[in-house]
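A.B. asks:
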Amino acid sequence: MKKTGLKTNDLILQTITKIVLFIVIIFSFHLFFAGHNAPGGGFIGGLITSGAIVLLLIAFDVKTVKAILPINYVKVAAFGLLIAILSGIGSFLFGVPFLSHTHGHVHIPVLGDTHLATAVIFDLGVYFVVVGVTMTIIQTIGETE
Amino acid sequence: MTFLHWAILFPFLFAFMVPFLYKTFRKIHTGWFVLPLPICLFIFFLQFLPGVKYKEGIVQTVKWIPSLGIDFAVYVDGLSLLFALLITGIGSLVVLYSIYYLSKEKEQLNAFYVYLLMFMGAMLGVVLTDNTIVLYTFWEITSFSSFLLIGYWHYRERSRYGALKSMLITVFGGLSMLGGFILLYIMTGTFSIRETIAQSSSIADNGLFIPALILLLLGAFTKSAQFPFYIWLPDAMEAPTPVSAYLHSATMVKAGIYLVARFTPVFAGSAEWFWIVSLFGIFTLFWGSFHAVKQTDLKAMLAFSTVSQLGMIMSLLGVGSAALLFDHFEFYSVAILAAIFHLINHATFKGSLFMVAGIVDHETGTRDIRKLGGLMSLMPITFTIGLIGAFSMAGLPPFNGFLSKEMFFTGMIRVLNMDVFQTETWGFLLPVLAWIGSIFTFIYSMIFVFKTFAGKLQLENLPKKPHEAPIGMLIPPIVLASLVVIFGFFPNLLAYSLIEPAMKSVMPSLLKDGEHFHIHISHWHGFTAEFWMTVGVVILGIFLYLTASKWKRVYDLQPKRMTLNQLYDHSLKTAGKTSNRLTSFYMTGFIRDYLVYIFAFMIMAVGATMIIKQSISFAADDAAPVGIYELILSIVMIAGSITAVLARSRLTAIIALSSVGYSLALFFVLFRAPDLALTQLVIETVSTALFLLAFYFLPELQKKDKTRRFRLVNFIISAGVGGIVTLLAISASSERTGKTIAEYFLETSYSLGGGYNVVNVILVDFRGFDTLFEITVLAIAALAVYSMIRLRTGGKDVEENGFKNE
Amino acid sequence: MEIVTSIVAGILFMTATYLMLSKSLLRIIIGTGLLSHGAHLLILTMGGLKRGTVPLLDEHAASYVDPLPQALILTAIVISFGVTAFFLVLAYRSYQELGTDDMDQLRGNDQK
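Chains as they are written, first to last, in our numbering: chain S, 49 to 193; chain L, 2 to 807; chain P, 5 to 116.
1. Just to confirm my understanding: we take Thr166 (chain S), look at its own chain, exclude 5 residues before and 5 after, and list those with CB closer than 6 Å. What are they?
2. Please say whether Gly390 (chain L) and Val244 (chain L) have beta carbons closer to each other than 8 Å?
3. Using beta carbons (cut-off 8 Å, strictly below), is Ala13 (chain P) in contact with chain S?
4. Compare the Cα-Cα distances from Gly319 (chain L) to each of L:Phe305, L:Phe409, L:Ala237 and L:Leu376 and report the closest residue.
5. Check the DSSP bridge columns for Leu179 (chain L) and list the partner residues they point to.
6. Would you kindly work out how many angstroms separate the C-alpha atoms of Val687 (chain L) and Thr189 (chain L), rounded to a whole number?
7. So that I know if they touch, is there some Cβ in chain P lying closer than 8 Å to that of Tyr630 (chain L)?
8. How is the beta strand (DSSP E) around Thr62 (chain L) delimited, first residue to last?
9. I'd like to check one pair, Trp274 (chain L) with Leu214 (chain L): are the Cβ atoms closer than 8 Å?
10. Where do the N-terminal and C-terminal ends of the alpha helix (DSSP H) with Tyr137 (chain L) fall, by residue?
11. Among L:Lys166, L:Phe488, L:Lys452 and L:Met413, whose alpha-carbon lies nearest the alpha-carbon of Val294 (chain L)?
12. So, with DSSP's three-state summary, where would you put Tyr1 (chain L)?
13. I want to see whether chain L comes within less than 8 Å of Leu102 (chain P), judged by CB atoms only; does it?
14. Determine the burial state of Val421 (chain L): buried for a count of at least 16 other Cβ atoms within 10 Å of its Cβ, exposed for fewer.
15. When you compare the CB of Val168 (chain S) with every CB in chain P, is at least one pair closer than 8 Å?
16. Classify Ala1 (chain L) as helix, strand or coil using the three-state DSSP reduction.
17. Excluding the five sequence neighbours on either side, which residues of its own chain have a C-beta within less than 6 Å of the C-beta of Ala339 (chain L), listed in chain order?
18. Within its chain, find whatever has a CB closer than 8 Å to the CB of Ser28 (chain P); leave out the 5 residues flanking it on each side and keep chain order.
19. For Lys797 (chain L) and Met789 (chain L), what's the separation of their Cα atoms in angstroms?
20. Which residues in chain P sit within 9 Å of Asn85 (chain S), going by Cβ to Cβ distance?
21. Residues of the segment 370-393 of chain L in Cβ contact with chain P at a cutoff of 7 Å, in chain order, please.
22. What first and last residue would you give for the beta strand (DSSP E) that runs through Val75 (chain L)?
23. Of all the options L:Arg712, L:Leu376 and L:Ile487, which has the alpha carbon lying nearest to the alpha carbon of Phe400 (chain L)?
24. How far does the alpha helix (DSSP H) with Gln187 (chain S) in it extend, from its first residue to its last?
25. Under 8 Å between C-beta atoms, does Arg791 (chain L) make it to chain S?
26. Would you mind working out which of L:Asp72, L:Leu652 and L:Phe454 sits nearest Ala365 (chain L), comparing C-alpha positions?
27. Could you tell me which chain S residues have their CB closer than 8 Å to the CB of Ala80 (chain P), listed as they occur along the chain?
28. Have a look at the DSSP bridge pairing and note the partners of Asn93 (chain L).
29. In terms of residue numbering, what span does the alpha helix (DSSP H) encompassing Thr285 (chain L) cover?
30. Between the segment 760-769 of chain L and the segment 13-24 of chain P, can you find at least three pairs of beta-carbon atoms closer than 8 Å?
31. Under a CB-based cut-off of 8 Å, is Thr21 (chain P) close to chain L?
32. Secondary structure at Lys805 (chain L), three-state DSSP: helix, strand or coil?
33. What whole-angstrom Cβ distance do Leu667 (chain L) and Leu634 (chain L) have, given they're in contact under 8 Å?
34. Check the C-beta distance from Leu417 (chain L) over to Pro432 (chain L) and give it rounded, since I have them as a contact under 8 Å.
35. Report all residues from its chain with a CB closer than 8 Å to the CB of Leu702 (chain L); omit the five preceding and five following residues, and keep chain order.
36. By Cβ distance below 6 Å, which residues in the same chain neighbour Leu117 (chain S) in space, the five residues on each side in sequence not counted?
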């Protein structure tokens, strides 16, 4: 494993990672949800989430991270693709062509009057695909001997 | 989406479930799960019968690609209902038959039923849709599922050969047909068949009318195995017998007939349509029946018989198309009536005969009539069914085949009364060939039933000891044979329920609202010409059947090397060789050569276009001001890219590449693209990490590329690419014509997309399709990476299961 | 400014092409990376630079920069990442299996 470059024992990095990780992930969620109105969206959100996991990979090693996050990233990507396609097919139910989106104001108990767009569902699919794809690639390359 | 749409889609959806059912219930034959579907669909379609009798057809539309005028429109009228009933009715019987025919222990049942259901859905789609593009799509799915079903026993070389042959010929026809549809669209501006029919009078003089007609007929003739395209059908007999009975006699091969009937209102009235359809049809009738006689394989005989009967229906449609030109149209439209009636009859008797052939094959182990004989006493029920079917096929009373054969003669004789399209010159050919073809039809029908069931039993030649088939295998042919008898005695059962509505859809313009075609089918017409023709057929047929051994040498007259099959094999081989030679001429195997082609072509294409269109311009007055940061970044990027080229070590090259990437991210910040800047920053980090991970595995860079000349060529080409790109960028940014689409996006981003971030709204909403494909590509890339690393063959030679190049 | 970026894009294309025509796998991959950077800059330049504010409508500005090239580039960036990763793994796997990264020896053709 000495050549993978993913395994380093650095206490400072590990400690910082533990704190920063959550901030980065929350920031990525923020970017994702803000995406429709401010810079951000599925692509960037997904990339930053995977960036956070990559940070984890660098601070610890592949095996540890796999134990903490036992996720099959190929499935995550497939799941995202499924959401994206379903959000497109969903528009058939309303008798409009594939991938037609709409938006409107919805009243949600805690948040109050919220502006929602169905495109967000599609964007969620994008988010998952990006996370899944990036992590699949990095993890498989990182695991090779 | 109405229930009609779902009726077409149900078989497809069910096909998805079949593998799970097969895996879960290994003990139960998968066919039992499939069987209810066609039965339910049959009953569903039955309820439309009263509807099509009185009213116009029923239309239901779902938008598919509205921007191109392509809708998933379902249209039910007499003709499509007739076919839908055939597809689901025969389909139910065939599924039942297959349960006994295919062993659940030995066969891959899941694949079989998936293909069969796929075919059923596609065929329903072909006959029920009103949109030509949708029709084309389903048409190709039927070709494709036929390919899979013919090649079902894929370990047999003949199966693969037959499958490929049918695929090549029918897909060639399908593509021609698509061309025809597009020409029709150019003329009428619609993909809807009904709207095309409504405009038919205005397109007859169009220059594209004849090309469209020919292309459309190519599709119909290849699918319906007309001369000279019939050669795929005998080879398609390699499919399991239920498939032959279903696809290659009752339904799929009739898709061509359907197409001709459906487009008769558009093209009928033109001399070309009349002559091409009727002459090709009648010649196919003669050719198919003539060649059926010499076959020794029961299924091959039935295949040629199918070819000939399809020719007969085709010629009837051709002759009947002339009825549009006459006032007393009922006199001539009898040909159309005969076509539709025979279509039903053929499905019943040929379906039962195929099943009989399958039973004989299944119980004795052979289909070779030289080995068969005397099965009458061992298999009495099968014999009775075969006798009924064969007599009906031969056109003997009192079976339904007799009625339609008489009507066929009537239709052909009446051509002699026509005074259009110069029928006086070649018109006599039609009744003459019809008569000769019928004699041969009579002969092979007799051979089929008597060589198999009468004569001496040769037990020593049979691989298995024969006995009567299980009851489940007998029920489907019994049902069909009883229909043969019932329709023979009471033909008028069908007259106004099925035949008349179908005639109305073939010739809608002849009738005013509320009018009906007058149909009366009877056995006895007096001592007419038709009667004497039938008598002649029977007498000459019996005579020739008995003396067959004496005149069979006629078949040797056609040289073996001149057959259409030889032509097909030869041209396939030549095409393969020629394209191989052509390809190896420029496909050198060096990636560099290919890249040189691509870059050289790009330089020439872009350069030539810019010169011809005189679009090279240089106007800097409108440009944005140059700032100090931009200048610094530009210098960093240029330096980085040149370092990447000159770098001697891998690490330097990788760092140089990332420096370019990060500078680009900063450029995005300066050029007001925050989304891009964020993405680029993250991506650049991740991909640099990837490079660093991967470069350990790669060798050190080679010191120098080979020769000075090599480097010079590379430099010239890359300088050309760089130059042309610079020129393109400058010209594009200094000359702006018209408004950009960006304004639309900016205006509607909030009102339509509900977002302030226009870039994001474009990505997920306006251009959602692009993004969908993009994430698909991403997922594919990830899967490729994953499989390249995780799923190794373990050093085994990949050639084992790959193709071997010849 | 457009002229400067045009020239930069041109140079990126030039160096990328030169690298792609070389015989070493890693150089080719680096070349494709440079090519995508060049293409992104080209698209951005063709859409016009600094002709308004950021395309966020809540800025309520009089004019915005063209959002379409940005959307195109965003997709392209992510795609080129996927392609680069694919190339890298392909290169390293084929080096592992075949023992060379010289394109002349990696000739994929049966005709001798």
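Even for Gly, the Cβ is constructed at its ideal location relative to N, Cα and C.
C.D. replies: Here's the rundown:
1. One-based indexing of the first sequence puts residue 166 (chain S) at position 118. Excluding sequence neighbours, Thr166 (chain S) sits near His149 and Thr150.
2. Against the second sequence, residue 244 (chain L) aligns to sequence position 243. Against the second sequence, residue 390 (chain L) aligns to sequence position 389. Against a cut-off of 8 Å, the Cβ pair of Gly390 (chain L) and Val244 (chain L) comes out as no contact.
3. By 1-based counting over the third sequence, the position of residue 13 (chain P) is 9. Not one chain S Cβ lies under 8 Å of Ala13 (chain P).
4. Taking the first residue of the second sequence as 1, we reach residue 319 (chain L) at position 318. The alpha carbon of Gly319 (chain L) has as its nearest neighbour, out of L:Phe305, L:Phe409, L:Ala237 and L:Leu376, the alpha carbon of L:Phe409.
5. The residue labelled residue 179 (chain L) in the question sits at position 178 within the second sequence. Per DSSP, none; premise fails for Leu179 (chain L).
6. In the second sequence, residue 687 (chain L) corresponds to position 686, counting from 1. In the second sequence, residue 189 (chain L) corresponds to position 188, counting from 1. Approximately 55 Å, taken between the alpha carbons.
7. On the second sequence, position 629 is the one that residue 630 (chain L) refers to. Answer no: the Cβ-Cβ gap between Tyr630 (chain L) and chain P never drops below 8 Å.
8. For this step, residue 62 (chain L) is matched to residue 61 along the second sequence. Ile59 to Ile66 is the extent of the beta strand (DSSP E) around Thr62 (chain L).
9. Here residue 214 (chain L) corresponds to residue number 213 of the second sequence, with the count starting at 1. Here residue 274 (chain L) corresponds to residue number 273 of the second sequence, with the count starting at 1. It is a contact, given that the beta carbons lie within the stated cut-off.
10. For the purposes of this step, residue 137 (chain L) is identified with residue 136 of the second sequence, where counting begins at 1. Looking at the DSSP string, the run of the alpha helix (DSSP H) that includes Tyr137 (chain L) is Thr133 to Ile151.
11. Mapped onto the second sequence, residue 294 (chain L) falls at position 293. It is L:Lys452.
12. Any answer about residue 1 (chain L) is impossible in this case: the structure gives chain L only from 2 up to 807.
13. Walking along the third sequence from the start, residue 102 (chain P) turns up at place 98. Cβ-Cβ to chain L under 8 Å: no for Leu102 (chain P).
14. On the second sequence, position 420 is the one that residue 421 (chain L) refers to. Burial check for Val421 (chain L): the Cβ neighbour count within 10 Å stays below 16, so the residue is exposed.
15. Locating residue 168 (chain S) in the first sequence gives position 120, where the first residue counts as 1. With respect to chain P, the C-beta atom of Val168 (chain S) has no partner C-beta closer than 8 Å.
16. What the structure shows of chain L is the stretch from 2 to 807, and residue 1 (chain L) is not part of that stretch, so it cannot be assessed.
17. On the second sequence, position 338 is the one that residue 339 (chain L) refers to. Cβ within range, chain order: Leu317, Ser405, Met408, Phe409 and Gly412.
18. Start at 1 with the first residue of the third sequence, and residue 28 (chain P) comes out as number 24. Only Asp105, Asp106 and Met107 meet the Cβ criterion.
19. Stepping through the second sequence from its first residue, residue 797 (chain L) is reached at position 796. Stepping through the second sequence from its first residue, residue 789 (chain L) is reached at position 788. Residue placement at Lys797 (chain L) cannot be trusted, given a pLDDT of 48 that sits under 50; what the coordinates show is reported in the next sentence. So the alpha carbons of these two residues sit roughly 14 Å apart.
20. The residue labelled residue 85 (chain S) in the question sits at position 37 within the first sequence. The contacting residues are Leu60, Leu61 and Asp62.
21. none
22. Your numbering for residue 75 (chain L) matches position 74 in the second sequence. It spans Ile71 to Val77 - the beta strand (DSSP E) in which Val75 (chain L) sits, taken as one unbroken run.
23. Taking the second sequence and counting its residues from 1, the one referred to as residue 400 (chain L) is at position 399. The candidate whose alpha carbon is nearest that of Phe400 (chain L) is L:Ile487.
24. Against the first sequence, residue 187 (chain S) aligns to sequence position 139. Here the alpha helix (DSSP H) through Gln187 (chain S) covers Ala167 to Glu191.
25. In the second sequence, the residue the question calls residue 791 (chain L) occupies position 790. Closer than 8 Å: yes.
26. Along the second sequence, read from residue 1 onward, the residue named residue 365 (chain L) stands at position 364. The displayed chain sequence assigns Thr, not Ala, to residue 365 (chain L). Considering only alpha carbons, the answer is L:Phe454.
27. Here residue 80 (chain P) is taken as the residue at index 76 of the third sequence, counted from 1. Within 8 Å Cβ-Cβ: nothing; Ala80 (chain P) doesn't reach chain S, min ~11 Å.
28. Along the second sequence, read from residue 1 onward, the residue named residue 93 (chain L) stands at position 92. In the sequence under discussion, the amino acid at residue 93 (chain L) is Ser, which differs from the Asn named in the question. Ser93 (chain L) pairs with nothing; no bridge assigned.
29. The residue you call residue 285 (chain L) lines up with position 284 of the second sequence. Run containing Thr285 (chain L): Ala272 to Ala293, per the alpha helix (DSSP H) assignment.
30. no
31. One-based indexing of the third sequence puts residue 21 (chain P) at position 17. Chain L, which has a Cβ nearer than 8 Å to the Cβ of Thr21 (chain P), makes this yes.
32. Along the second sequence, read from residue 1 onward, the residue named residue 805 (chain L) stands at position 804. Low local confidence applies: a pLDDT of 39 at Lys805 (chain L) is under 50, so the model's placement there is unreliable, with the coordinate-based value given in what follows. Of the three classes helix, strand and coil, the one that applies to Lys805 (chain L) here is coil, per DSSP.
33. Taking the first residue of the second sequence as position 1, residue 667 (chain L) is located at position 666. Taking the first residue of the second sequence as position 1, residue 634 (chain L) is located at position 633. The pair is a contact, with the Cβ atoms about 6 Å apart (cut-off 8 Å).
34. Working through the second sequence from its first residue, we reach residue 417 (chain L) at position 416. Working through the second sequence from its first residue, we reach residue 432 (chain L) at position 431. Indeed, because the Cβ distance is near 7 Å, the residues count as touching under 8 Å.
35. Residue mapping note: residue 702 (chain L) aligns to position 701 of the second sequence, counting from 1. So the list reads Ala648, Arg649, Ser650, Arg651 and Ala654, once near-sequence residues are dropped.
36. For the purposes of this step, residue 117 (chain S) is identified with residue 69 of the first sequence, where counting begins at 1. Here the set comprises nothing.
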